[in-house]
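The numbering of the sequence shown is this note's numbering, which starts it at 8 and goes up by one.
Structure first, then comments.
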Amino acid sequence: LTAGMRFTCAILDDGSVRCWGSNAYGQLGVGDTQARGDGPGEMRSNLPAVALGTGRTAVALSAGFEHVCALLDNGTVKCWGHNQHGQLGQGDTLDRGDAAGEMGDSLPAVPLGTGRTALAVSAGYAHSCALLDSYTVKCWGFNMVGQLGLGDTDSRGDQPSEMGNHLPAVDLGTSLLAKSVATGHASNTTCALLNDPDQSVKCWGDNQRGQLGQ
Numbered sequence: 008l009t010a011g012m013r014f015t016c017a018i019l020d021d022g023s024v025r026c027w028g029s030n031a032y033g034q035l036g037v038g039d040t041q042a043r044g045d046g047p048g049e050m051r052s053n054l055p056a057v058a059l060g061t062g063r064t065a066v067a068l069s070a071g072f073e074h075v076c077a078l079l080d081n082g083t084v085k086c087w088g089h090n091q092h093g094q095l096g097q098g099d100t101l102d103r104g105d106a107a108g109e110m111g112d113s114l115p116a117v118p119l120g121t122g123r124t125a126l127a128v129s130a131g132y133a134h135s136c137a138l139l140d141s142y143t144v145k146c147w148g149f150n151m152v153g154q155l156g157l158g159d160t161d162s163r164g165d166q167p168s169e170m171g172n173h174l175p176a177v178d179l180g181t182s183l184l185a186k187s188v189a190t191g192h193a194s195n196t197t198c199a200l201l202n203d204p205d206q207s208v209k210c211w212g213d214n215q216r217g218q219l220g221q
């Protein structure tokens, strides 16, 4: 179960995904912008499942402010909804899920790099991060305050040739790898739990209220 800004998504016991609530940017993933759950007869069997692709199921979900990312059973990541800053990782700023023909097999998986799969995914306000099978972290989308952890404020994923092998992993420190990654759905901050003996945490991005713990 995950909740974004005025919408909610759940993985059901069969691995399917259903979302309800606000849908202005297609964040419910059903090919339109009609809200669900605010009127009679819209829930239960009348609530469409998100089309994830032929044979695909979800193992984890994370809702950002107005977008959703799912970790699928084959280790790929798919994101849909608002995409103003490239948070869907498709090399453009086109929303996905708000019109017919954009989901399912038509929605490409996020390019994570040659041979790379994901172990976890986390969606922030307008950026997204994945913990890869190499225990490194890659983030894409909005980067105004350095929330992608790349030493600059350039967004990634909103232009061609910024994803996949072109997207650097976050430099966590010498010989340090990540065990998990977290972003707040209304936050421009990212944190990673590291694999060092102290089980330490490193955070980067917005620190207006001390949320980086420094």
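Glycine is no exception: its CB is placed at the ideal position from the N, C-alpha and C atoms.
Keep in mind the model is a prediction, meaning the values are calculated, not measured.
Straight-line gap, residue i to residue j (C-alpha atoms, nearest Å)
{"i": "aspartate 140", "j": "glycine 191", "result": "22 Å"}
{"i": "arginine 103", "j": "glycine 36", "result": "8 Å"}
{"i": "phenylalanine 149", "j": "alanine 185", "result": "21 Å"}
{"i": "aspartate 45", "j": "glycine 28", "result": "7 Å"}
{"i": "aspartate 99", "j": "glycine 93", "result": "6 Å"}
{"i": "leucine 8", "j": "aspartate 161", "result": "31 Å"}
{"i": "lysine 145", "j": "serine 52", "result": "37 Å"}
{"i": "threonine 64", "j": "phenylalanine 72", "result": "23 Å"}
{"i": "tryptophan 147", "j": "valine 117", "result": "10 Å"}
{"i": "leucine 174", "j": "threonine 143", "result": "12 Å"}
{"i": "methionine 110", "j": "aspartate 159", "result": "32 Å"}
{"i": "cysteine 16", "j": "aspartate 205", "result": "34 Å"}
{"i": "leucine 19", "j": "alanine 56", "result": "10 Å"}
CB of residue i within 8 Å of CB of residue j, strictly
{"i": "valine 208", "j": "alanine 137", "result": "no"}
{"i": "glycine 11", "j": "glycine 96", "result": "no"}
{"i": "asparagine 202", "j": "leucine 183", "result": "yes"}
{"i": "arginine 131", "j": "tryptophan 211", "result": "It is glycine, not arginine, that sits at residue 131 in the sequence shown. No, these two residues do not count as a Cβ contact at 8 Å."}
{"i": "glutamine 166", "j": "histidine 89", "result": "no"}
{"i": "serine 135", "j": "cysteine 198", "result": "no"}
{"i": "aspartate 80", "j": "valine 152", "result": "no"}
{"i": "tryptophan 87", "j": "leucine 114", "result": "yes"}
{"i": "glycine 171", "j": "alanine 125", "result": "no"}
{"i": "glycine 60", "j": "aspartate 112", "result": "yes"}
{"i": "arginine 13", "j": "leucine 54", "result": "no"}
Test: residue i CB closer than 8 Å to a CB of chain B
{"i": "leucine 155", "result": "Judged by its chain identifiers, the structure shown contains no chain B, having just a single protein chain."}
Opposing strand residues paired with residue i [DSSP bridges]
{"i": "valine 208", "result": "Leu200"}
{"i": "serine 129", "result": "Cys136"}
{"i": "glycine 148", "result": "His134, Arg163"}
{"i": "arginine 25", "result": "Ala17, Ala56"}
{"i": "valine 177", "result": "The partner list for valine 177 (beta bridge, DSSP) is empty, contrary to what the question assumes."}
{"i": "valine 188", "result": "Ala199"}
{"i": "threonine 124", "result": "Threonine 124 is not bridged to any residue."}
{"i": "threonine 9", "result": "Cys16"}
Every unbroken beta strand (DSSP E) inside the region 36-113 [3 residues or more]: 65-70, 74-79, 84-88
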